[in-house]
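Scroll down for the structure; my scribbles are underneath it.
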Amino acid sequence: MHRIDGQGATQDNRFTKGNPSTGQIATVVTDDWLNDVQEAICAVIEAAGITLEKGDYSQLLEAIQALFDPQVDLSAFVKKGGDVMSGALTINLATAGLPLKLQRGDNGVVAVMFADTDTTKYFGMNGSGDFVVANQANLSDGKPVWHDGNIGPRISALVEDATPDLDDYLATSAGKKAKIRSILSAVGQAPTVILEDHKNEGTAGGTFNSGAWRIRDLGAIRNVDNLATVSNNEFTLPAGSYYIEFDAPAFDVGRHKARLYNVTDGATAIEGTAARTGNAGSADNPTTRSFGGGYVSIAATTTFRVEHRCEGSRSTDGFGEYAGWGTEVYSRVRIWPLP
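What follows is the structure, encoded as structure tokens:
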């Protein structure tokens with residue numbers, strides 16, 4: 329390829345229409361320049377595997393689109409001086425000590441993937457947000473690897489709660505790649521077990537008596553591979569690690585709070601949030617829910633249930649008002665097993 333340099337071209341190799349009054353001739357479009365343009369365009373089209381076709385004016389555009397990953401936004405592609413990068417990018421830190429920093433001012437998620445052939449797989453993040461590449465993740469006290477709420481509460485709880493054996497498998501080369509991938513694979517997946525209190529249309533949640541913890545109704549809605557055994561509003565899980573979420577509604581009882589109770593050990597497993605429906609007995613009280621969620625590790629088969637406590641008693645619908653449009657759903661539990 330070259331810039332026009334034939335008869336009539338300007339000194340900086342540009343075209344001119346000429347000026348008859350001064351005797352300046354128009355630029356002559358030469359065959360070698362047109363051949364260069366033609367072959368440069370044809371090379372792009374053929375590189376995309378497209379057969380040249382006379383009269384088809386869209387082939388160059390189709391070729392450019394085909395030569396790039398369809399997920400790449402060409403309007404924001406990497407350019408000199410730009411601040412947006414898309415597509416595959418290889419960075420070779422040949423000099424020892426050079427840092428690689430990935431930062432986002434809005435505290436958004438920074439996603440990083442390593443090729444399967446790489447020997448360096450893991451990374452850590454220190455308190456300032458620096459991205460540190462190393463052969464093993466460096467988990468410092470109070471410095472979570474994942475930002476809570478962006479990746480998912482299961483992973484945050486796993487790191488921040490000092491999960492048993494976390495340091496062991498990160499510090500041991502054998503199997504740590506598979507372990508990390510197994511944990512990450514749980515992010516965003518549907519719960520393995522879903523338990524809910526379903527009642528017929530128009531049926532209220534039930535009477536809520538104050539003064540003690542009351543057991544909420546639960547039944548299996550989803551139970552993959554029969555992981556949980558459900559009986560008498562309790563569920564039993566085999567030894568392992570789990571992330572469990574739960575919530576339960578209340579109506580016209582004032583303050584209320586739910587909890588996940590470990591029946592086997594006789595202790596609270598996860599505390600729920602405090603909630604309020606308004607003063608008991610007042611008009612137009614809303615139905616509100618108490619929520620809870622957290623990491624649970626059990627060394628043996630263990631039975632759990634959702635318990636609920638309130639400030640003031642309410643008969644018939646203290647456990648929740650009915651809507652009257654289809655199945656009524658009250659207390660709920662969702663369970664994700666962790667590696």
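Per our numbering, the very first residue in the sequence shown carries number 329; after that it's consecutive. Using N, Cα and C, we set each Cβ at its ideal position, and we do this for glycine too.
Checklist entry - Of the residues Gln339, Gly640, Ser618, which one's Cα is nearest the Cα of arginine 535? => result Sequence inspection shows threonine at residue 535; the arginine mentioned does not correspond to that position. It is Gly640 whose Cα lies nearest to the Cα of threonine 535.
Next on the checklist: Can you tell me whether glutamine 335 is helix, strand or coil according to DSSP?
Outcome noted: coil
Checklist entry - Under a three-way DSSP split, which group does tryptophan 664 fall into? => result strand
Next on the checklist: Below 8 Å, how does it come out for the stretch 624-631 and the stretch 533-547: are there three or more Cβ pairs, yes or no?
Outcome noted: With the rule of 3 Cβ pairs closer than 8 Å, the stretch 624-631 does not count as touching the stretch 533-547.
Next on the checklist: Within the continuous beta strand (DSSP E) that includes aspartate 525, where are the two ends?
Outcome noted: Membership of aspartate 525 in the beta strand (DSSP E) is indicated by the continuous run 521-527.
Checklist entry - Hey, is arginine 633 close to the ligand NAD, as in C-beta under 7 Å from one of its heavy atoms? => result The ligand content of the structure shown is nil, which means the ligand NAD is not present either.
Next on the checklist: Quick check on DSSP: helix, strand or coil for leucine 546?
Outcome noted: Assigned with DSSP and collapsed to three states, leucine 546 falls in coil, not helix or strand.
Item to check | Three-state class that DSSP yields for valine 634 in the structure shown | outcome: strand
Checklist entry - glutamate 656 by DSSP, collapsed to three states: which one? => result strand
Item to check | Where glycine 648 falls: helix, strand or coil (DSSP) | outcome: If DSSP states are grouped into helix, strand and coil, glycine 648 belongs with coil.
Checklist entry - Within the chosen definition, does the stretch 366-380 reach the stretch 335-349 through at least 3 CB pairs nearer than 8 Å? => result no
Next on the checklist: On the criterion of 16 or more Cβ atoms from any shown chain inside 10 Å, does tryptophan 653 qualify as buried, or is it exposed?
Outcome noted: exposed
Checklist entry - Short check: CB of glutamate 524 to CB of valine 657, under 8 Å? => result yes
Item to check | Option in Thr631, Ser386, Tyr570, Arg542 with minimal Cα separation from threonine 592 | outcome: Here the closest residue by C-alpha is Thr631.
Checklist entry - Between Ala576, Phe579, Arg642, Val634, which lies nearest to glycine 539 when the distance is taken from Cα to Cα? => result Checking every option, the nearest Cα to that of glycine 539 belongs to Arg642.
Item to check | tyrosine 385, buried or exposed, once every other Cβ within 10 Å from all chains shown has been counted against 16 | outcome: Taking all protein chains shown into account, tyrosine 385 has fewer than 16 neighbouring C-beta atoms within 10 Å of its C-beta and is therefore exposed.
Checklist entry - Can you tell which of Asn613, Ala578, Asn590 has its C-alpha closest to the C-alpha of alanine 602? => result Cα-wise, what sits closest to alanine 602 is Ala578.
Checklist entry - Is the CB-CB distance between arginine 276 and proline 519 below 8 Å? => result Only positions 329 to 667 of the chain appear in the structure, and residue 276 is not among them; the question remains open.
Checklist entry - Buried or exposed: where does leucine 546 fall if 16 or more other Cβ atoms within 10 Å of its Cβ makes it buried? => result Leucine 546 should be labelled buried.
Item to check | Opening and closing residue of the beta strand (DSSP E) in which asparagine 590 lies | outcome: 583-590
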